[in-house]
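Novice:
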Amino acid sequence: MSTKTDTPRDPGTGTPGTDDAGSDLGAAGSQLSTAPQEDVTLPSLGPVGWARWFWRQLTSMRVALLLLFLLSIGAIPGSLIPQTSIDPVKVDQFKADHPTLGDVYDKLGMFHVYSSVWFSAIYLLLFISLIGCIIPRSWQFVGQLRGRPPAAPRRLTRLPAYTTWRTDAAPDDVLAAAERMLKKRRFRAHRAGTAVAAEKGYLREVGNLVFHLALIVMLVAFAVGSLWKSEGGKLITEGDGFANSLTQYDDFKSGAFFDTDTMEPFGFTLDKFDATYERSGPQKGTPRIFRAHIRYFSGADGKEHKTTIEVNTPLDIAGSKVYLLSHGYSPDVTVKDGRGKTVYNGAVPFLPQDPKNFTSTGVVKVPGARTKDDKPNQLGFQGFFVPTFGGKGSGSMFSTFPALDNPRLVLTAYHGDLGVASGLPQNVYQLDKKNLKQYQVHGRAVAQMMKPGETMKLPGGDGSITFNGVKTWASFKISHQPGNGLALTGAVAALLGLAGSLFIQRRRVWVRAEHGEEDGVTVVEMAGLGRSESARLPEELGDLAAALEPDAPLAPHPDPDAGTTPATPLEDPAEPTDSDGPADPSEGARA
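As numbered in the numbering used here, residues -19 to 571 make up the sequence shown, in order.
(1) Hey, would you say Phe248 sits closer than 8 angstroms to Tyr229, going by beta carbons?
(2) In this structure, how does DSSP classify Lys316 when only helix, strand and coil are distinguished?
(3) Can you tell me the Cα-Cα spacing of Ile269 and Glu185, whole angstroms?
(4) Measuring straight from C-alpha to C-alpha, what distance separates Gly221 and Asp353?
(5) By DSSP, does Val472 sit in helix, in strand, or in coil?
(6) What are the start and end residues of each continuous beta strand (DSSP E) run of 3 or more residues lying completely inside the region 223 to 290, in chain order?
(7) Anyone know if the C-beta pair for Phe167 and Glu179 falls short of 8 angstroms?
(8) Do you know offhand how far Phe381's Cα is from Phe107's?
(9) Specify whether the region 485 to 504 and the region 139 to 148 touch according to this definition: at least 3 beta carbon pairs, one from each stretch, less than 8 angstroms apart.
(10) Alpha carbon to alpha carbon, how far is Gly58 from Ser118? Give it in angstroms, no decimals.
(11) Quick check on this structure: which residue in Gly299, Gly123, Gly443 and Asp83 has the alpha carbon closest to the alpha carbon of Val426?
(12) Specify the secondary structure class of Glu185 as computed by DSSP and reduced to three states.
(13) Is it the case that the region 459 to 471 contacts the region 196 to 205, given that we only count it when at least three CB pairs across the two stretches are under 8 angstroms?
(14) In terms of residue numbering, what span does the beta strand (DSSP E) encompassing Leu404 cover?
(15) Quick one: residues in its chain with C-beta nearer than 7 angstroms to the C-beta of Ser65, no 5 flanking neighbours on either side, listed in chain order?
(16) Helix or strand or just coil, what does DSSP make of Gly326?
(17) Name the residue from Asp499, Gln418, Gly403 and Trp208 whose alpha carbon lies nearest to the alpha carbon of His395.
(18) Keeping to the same chain, check which residues put their C-beta closer than 7 angstroms to that of Leu51; ignore five residues upstream and five downstream.
(19) Suppose you measure from the CA of Asn188 to the CA of Ala383; what does that come to, to the nearest Å?
(20) Taking 8 angstroms as the threshold (C-beta atoms), are Gly181 and Arg486 in contact?
(21) Three or more C-beta pairs closer than 8 angstroms, one from the region 406 to 423 and one from the region 280 to 299: is that the case here?
(22) Taking DSSP as the reference, what is the three-state secondary structure of His395?
(23) Identify, in the order they occur along the chain, each residue of the same chain with its Cβ nearer than 7 angstroms to the Cβ of Leu139, setting aside the five sequence neighbours on each side.
(24) Helix, strand or coil: how does DSSP classify Val504 here?
(25) How big is the Cα-Cα spacing for Phe202 and Leu193?
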């Protein structure tokens, strides 16, 4: 038996032979890939020539990979540098802390990376490059599917995997058996003269095309998600609710093509918020449970349903997701003016200044208050709230634990003009003191620390404020991302396509059967060629030879001295030969 274990090389250079190999293999060694053939001729000078050269470079796989790498590198600043679309307050703070660097970043578009000109240019060039790569490869692959595997080359011994043996079976019978065997193993096979040509592994190219198509799908999905998205936040106190209307959001941003008139009708009410914390040990104060109990509806006449929302467990409703972000406390107060009339009664959200123990600040604004003489007297209260007060001997007013173990509310009172009628927007969590006067008694500011149920009276009979209790608020993010499903589909398809292109090998097999020149015994040759070097190809060729052996059994080797004797295997030669010595064909092809 004869085997082929390496690629023939040019004796002068030590490199694979090109002229001889090309003439021997011919069409057999071509079209194992759908990569377009590159024309090495330079384009002629001129607009058309340069445009053609630029298009070929842009649609090459090397440039596509380079653009994909640049897109990944360009996304890094968007993760490390504050973005205007996510947190404009942090962007302003960064500019204030680093004025020189902030100015440079601003000119480079680093504060809005994903909408910057340079990032959009890379994105669009990658999109065009992928389409330009896929279209010619797809047409070429379709042409290969419609064609037949190429005929066997003249010298099969030059192929990377090769085996041969002698048999008494007729050549036509051997070829018919080989064709049946190869088709049974899902090869595309056909007779071509005195040989059978077969090919397998087309799914490798399918996987390659699917991978690149999936990249385009993901790019389209990201574009759809960016242009038609909407996202907003809402802070809700227990007992209050939300409806999906633009006026209901505390903050809202959307894509360029999002239409606020098409917002889906849905809403929910926060019934209760559960929060538990570790009470001892080194992890004291660590959150254990954050759970919002809500009632929600979908549609103008939708029925209410009860459910819970937890961190990383959003509510999926009407194509949007409702995420739980954070929580805090809302002191419940009742304000009476100088006439004794209740002018405010409700819970006021206070914002945590200490994220660990929830020491919080906030304000109470009462624009409708009047004096006992029925004169306008707007009231404002600057507040400081701690859910767990350490006691007078603790030496600190800050909270010592995040749960409501010993709540206290400290208020400082003001009166005058709150500025709510000026028409200018105001921060609901800050008190504009420009036109306000602080209440004072004997030169000291009027302020009081209160427990739930206590009341602070204002000087001059201007009214009072009562601390009724504490409710919990929760903040939610309502996000509509129409491209998420498409992006997930593209990502899964990309992984499947990549797996197919990496683990499936495109290979060709030829089986030739001809009468021997000396004794007329049939000589069977089997060889294989893969797109890339792999140890699996010689192993597979050995399996194919073993499967064909029952239909093409080994012929006895004639011995001139002792007559005809049973065939014995020959040693594999170090170099490929055309020996007709009999051997087990399954031992033939080894790398």
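Cβ coordinates follow ideal geometry from the N, Cα and C atoms, glycine included.
Specialist: On the basis of the data shown:
(1) no
(2) strand
(3) 50 angstroms
(4) 38 angstroms
(5) helix
(6) 231 to 234, 246 to 257, 267 to 278 and 285 to 290
(7) yes
(8) 53 angstroms
(9) yes
(10) 35 angstroms
(11) Gly443
(12) helix
(13) yes
(14) Run containing Leu404: none; DSSP gives neither H nor E here.
(15) His92 and Lys233
(16) strand
(17) Gln418
(18) Ile102, Tyr103 and Leu106
(19) 56 angstroms
(20) yes
(21) no
(22) strand
(23) Lys(-16), Ala507, Gly508 and Leu509
(24) strand
(25) 14 angstroms
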